[in-house]
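Asks: Handing you a structure now.
Number of protein chains: 2
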Amino acid sequence: MDETSDSLDTVRQDNIARILEAAERLFRHYGYAKTNVADIARDLGMSPANIYRFFASKTEIHQAICGRMLAGSYQQAYEISRLPVSAADRLRRYLQAEHQLILTAMLDHEKVHEMVIVAIERDWHVIEKHIDQMHELLEEIIRQGIAAGEFAEQDPAAAARSFGAATVVMCHPQLVAQCLSKPNRATPDEITEFAINALR
Amino acid sequence: MDETSDSLDTVRQDNIARILEAAERLFRHYGYAKTNVADIARDLGMSPANIYRFFASKTEIHQAICGRMLAGSYQQAYEISRLPVSAADRLRRYLQAEHQLILTAMLDHEKVHEMVIVAIERDWHVIEKHIDQMHELLEEIIRQGIAAGEFAEQDPAAAARSFGAATVVMCHPQLVAQCLSKPNRATPDEITEFAINALR
DNA sequence: CGAATGACGAAATTCTAAATTCGTCATTCG
DNA sequence: CGAATGACGAATTTAGAATTTCGTCATTCG
Numbered sequence: 000m001d002e003t004s005d006s007l008d009t010v011r012q013d014n015i016a017r018i019l020e021a022a023e024r025l026f027r028h029y030g031y032a033k034t035n036v037a038d039i040a041r042d043l044g045m046s047p048a049n050i051y052r053f054f055a056s057k058t059e060i061h062q063a064i065c066g067r068m069l070a071g072s073y074q075q076a077y078e079i080s081r082l083p084v085s086a087a088d089r090l091r092r093y094l095q096a097e098h099q100l101i102l103t104a105m106l107d108h109e110k111v112h113e114m115v116i117v118a119i120e121r122d123w124h125v126i127e128k129h130i131d132q133m134h135e136l137l138e139e140i141i142r143q144g145i146a147a148g149e150f151a152e153q154d155p156a157a158a159a160r161s162f163g164a165a166t167v168v169m170c171h172p173q174l175v176a177q178c179l180s181k182p183n184r185a186t187p188d189e190i191t192e193f194a195i196n197a198l199r
Numbered sequence: 000m001d002e003t004s005d006s007l008d009t010v011r012q013d014n015i016a017r018i019l020e021a022a023e024r025l026f027r028h029y030g031y032a033k034t035n036v037a038d039i040a041r042d043l044g045m046s047p048a049n050i051y052r053f054f055a056s057k058t059e060i061h062q063a064i065c066g067r068m069l070a071g072s073y074q075q076a077y078e079i080s081r082l083p084v085s086a087a088d089r090l091r092r093y094l095q096a097e098h099q100l101i102l103t104a105m106l107d108h109e110k111v112h113e114m115v116i117v118a119i120e121r122d123w124h125v126i127e128k129h130i131d132q133m134h135e136l137l138e139e140i141i142r143q144g145i146a147a148g149e150f151a152e153q154d155p156a157a158a159a160r161s162f163g164a165a166t167v168v169m170c171h172p173q174l175v176a177q178c179l180s181k182p183n184r185a186t187p188d189e190i191t192e193f194a195i196n197a198l199r
């Protein structure tokens with residue numbers, strides 16, 4: 000019985016993964032709005048109705064894909080946060096990586112950008128959860144930086160929130176898009192050093 | 000002849016002012032999109048065609064009104080920048096006033112918010128010019144702060160740009176709207192102190 | 001008996017024709 | 001002669017019909 004319910008779960012997870020894979024590929028190619036569940040089902044050789052055994056709505060698929068993307072971003076950030084370098088350097092790399100991720104996602108595949116924008120406007124929960132996770136990561140780096148004497152004594156949680164707010168121009172897709180070709184703005188490097196300086 | 004051309008200019012300026020006054024009142028009441036130039040003309044007892052002797056397009060009226068609003072914001076900021084208090088205090092008041100302005104504009108008259116959002120998406124030039132002016136103001140305050148020994152030795156222009164970028168969450172209408180009811184974000188006060196700290 | 005489906009109503013989207021609105025220009029008015 | 005206007009074409013917006021898409025459910029299939 001254990002084996003049975005396990006394999007059922009496995010099969011279920013597998014179907015979910017296959018659906019997400021196909022959906023993400025189609026969304027990337029045709030855009031979110033122009034891909035319908037019939038397209039996804041056809042791509043997988045199943046009926047549209049069957050999709051709804053695994054996802055309650057098309058929006059839920061969208062949210063799941065956004066969740067995966069954000070998880071990738073978090074994964075990257077997590078690894079950087081564990082690097083054996085100074086706290087300041089980890090913050091530098093964190094911002095650089097995050098910013099780079101957004102830039103390539105926007106320039107390489109324009110459709111992805113569209114998905115994230117929609118997500119920010121609609122799927123608040125996934126985004127909020129991601130921001131919370133990122134704050135946790137920042138908090139830990141800052142705490143270690145304080146312990147190492149790199150940063151001034153301060154509340155790490157509040158500092159992490161402020162650091163996130165101060166660098167939002169580098170991490171918020173809409174803002175990054177708006178500021179891309181503006182000459183009179185601070186460069187990513189300037190902002191990075193400015194925010195790190197605020198912690199000292 | 001001087002008198003003639005002067006009075007012509009005066010009359011012209013007067014007409015422009017009257018048009019802007021009427022347009023702003025109607026935009027505030029009915030919203031930008033739902034107000035047409037015929038409405039503005041009727042409100043002033045003139046023909047729609049006459050409006051076009053003073054403005055090349057409806058968009059130009061919109062831009063002019065935005066320009067006036069931003070000029071008001073600049074005026075306020077300019078006065079704060081001249082206050083006989085420490086540079087840090089002037090920056091605090093500057094941010095507080097700017098943020099408050101956006102909050103009241105958004106909550107009191109929702110239509111104004113709509114206009115600014117449209118302006119940010121379309122009328123890039125007015126907005127860019129305003130940002131440049133604000134940067135100049137910040138630069139001067141920071142320069143004085145450096146001279147007074149309040150802030151560390153640094154390039155005031157770069158510092159002003161960074162300060163602006165770091166506090167964008169408090170000054171950018173779209174962001175302010177998005178972050179309004181989010182509990183897990185840095186408070187205006189936290190962000191303010193964080194940004195000022197970065198200058199020391 | 002559970003996995004899968006075709007058929008179907010509700011909701012959203014697209015399309016198109018009618019109606020506004022923008023902006024121009026020849027003409028009138030003072 | 002310049003200020004102002006009514007009339008008009010081009011461009012945009014709106015309303016509502018037609019179509020597509022979403023999501024459900026009774027039924028079939030293995």
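Those sequence lines, one after another, are chains L and A. For the first sequence, numbering that gives the first Met the number 0 assigns the number 0 to the initial residue and increments by one for each residue that follows. For the second sequence, numbering that gives the first Met the number 0 assigns the number 0 to the initial residue and increments by one for each residue that follows. For glycine and all other residues, C-beta sits at the position ideal for the given N, C-alpha and C. Keep in mind it's a predicted model, so treat the numbers as computed, not measured.
Is residue 49/A near residue 131/L, with beta carbons less than 8 Å apart?
Replies: Along the second sequence, read from residue 1 onward, the residue named residue 49/A stands at position 50. Along the first sequence, read from residue 1 onward, the residue named residue 131/L stands at position 132. Against a cut-off of 8 Å, the Cβ pair of residue 131/L and residue 49/A comes out as no contact.
Asks: If the cut is a Cβ gap below 9 Å, which residues of chain L does residue 129/A touch?
Replies: Residue mapping note: residue 129/A aligns to position 130 of the second sequence, counting from 1. Chain L residues near residue 129/A: none, gap ~11 Å exceeds 9 Å.
Asks: When Cβ atoms are compared, which residues of the segment 176 to 194 of chain L fall closer than 9 Å to chain A?
Replies: Cβ contacts with chain A: 177, 178, 181, 183, 184, 185, 186, 189, 190, 192, 193, 194.
Asks: At the level of alpha carbons, what is the spacing between residue 199/L and residue 164/L?
Replies: Against the first sequence, residue 199/L aligns to sequence position 200. Against the first sequence, residue 164/L aligns to sequence position 165. Near 17 Å, if we compare the C-alpha coordinates of residue 164/L and residue 199/L.
Asks: Given that residue 161/A touches chain L, what residues does it touch there, using C-beta distances under 7 Å?
Replies: Here residue 161/A refers to the residue found at position 162 when the second sequence is read from its first residue. In chain order: 185, 189, 190, 193.
Asks: In the segment 130 to 145 of chain A, which residues sit with their C-beta less than 9 Å from some C-beta in chain L, listed in chain order?
Replies: 130, 131, 134
Asks: Since residue 73/L is in the alpha helix (DSSP H), which residue starts that stretch and which ends it?
Replies: On the first sequence, position 74 is the one that residue 73/L refers to. Per DSSP, residue 73/L belongs to the alpha helix (DSSP H) from 57 to 80.
Asks: Within the 8 Å Cβ cut-off, does residue 0/L reach chain A?
Replies: Against the first sequence, residue 0/L aligns to sequence position 1. Only weak support is given to the placement of residue 0/L: the predicted model assigns it a pLDDT of 38, under 50, and the question is left unresolved by the model.
Asks: Tell whether a beta-carbon distance below 8 Å holds between residue 194/L and residue 151/A.
Replies: Walking along the first sequence from the start, residue 194/L turns up at place 195. Walking along the second sequence from the start, residue 151/A turns up at place 152. No; because the gap between Cβ atoms is not below 8 Å, this pair is not in contact.
Asks: Considering just the uninterrupted stretch of the alpha helix (DSSP H) at residue 191/A, what are its terminal residues?
Replies: Residue 191/A sits at position 192 when you count from the first residue of the second sequence. Counting along the chain, the unbroken alpha helix (DSSP H) around residue 191/A starts and ends at 187 to 198.
Asks: If you draw a straight line from the C-alpha of residue 87/A to the C-alpha of residue 83/L, how long is it?
Replies: One-based indexing of the second sequence puts residue 87/A at position 88. One-based indexing of the first sequence puts residue 83/L at position 84. Spanning the two alpha carbons is a distance of roughly 36 Å.
Asks: Quick one: grab the DSSP three-state call for residue 162/L.
Replies: As a first step, residue 162/L is located in the first sequence; it is residue number 163 there, counting from the start. Residue 162/L: helix per DSSP, three-state reduction.
Asks: Within a Cβ cutoff of 7 Å, which residues of the same chain sit near residue 189/L, ignoring the five residues on either side of it in sequence?
Replies: In the first sequence, the residue the question calls residue 189/L occupies position 190. Answer for residue 189/L: no residue qualifies.
Asks: So, with DSSP's three-state summary, where would you put residue 184/A?
Replies: Counted from its first residue, the second sequence places residue 184/A at position 185. When DSSP states are grouped into helix, strand and coil, residue 184/A belongs to the coil group.
Asks: Below 8 Å between beta carbons: does that hold for residue 167/L and residue 167/A?
Replies: For the purposes of this step, residue 167/L is identified with residue 168 of the first sequence, where counting begins at 1. For the purposes of this step, residue 167/A is identified with residue 168 of the second sequence, where counting begins at 1. Contact flag set, yes.
Asks: Along chain A, in chain order, which residues have C-beta atoms closer than 7 Å to that of residue 164/L?
Replies: Within the first sequence, the letter at position 165 stands for residue 164/L. The answer, in chain order, is 168, 184, 185, 190.
Asks: Output the boundary residues of the alpha helix (DSSP H) element that contains residue 45/L.
Replies: Numbered from its first residue, the first sequence carries residue 45/L at position 46. Unbroken run through residue 45/L: none, as it is neither H nor E.
Asks: On the CB-based measure, 16 or more other CB atoms within 10 Å of its CB, does residue 191/A come out buried or exposed?
Replies: Taking the first residue of the second sequence as 1, we reach residue 191/A at position 192. The residue is buried, with at least 16 neighbouring Cβ atoms inside 10 Å.
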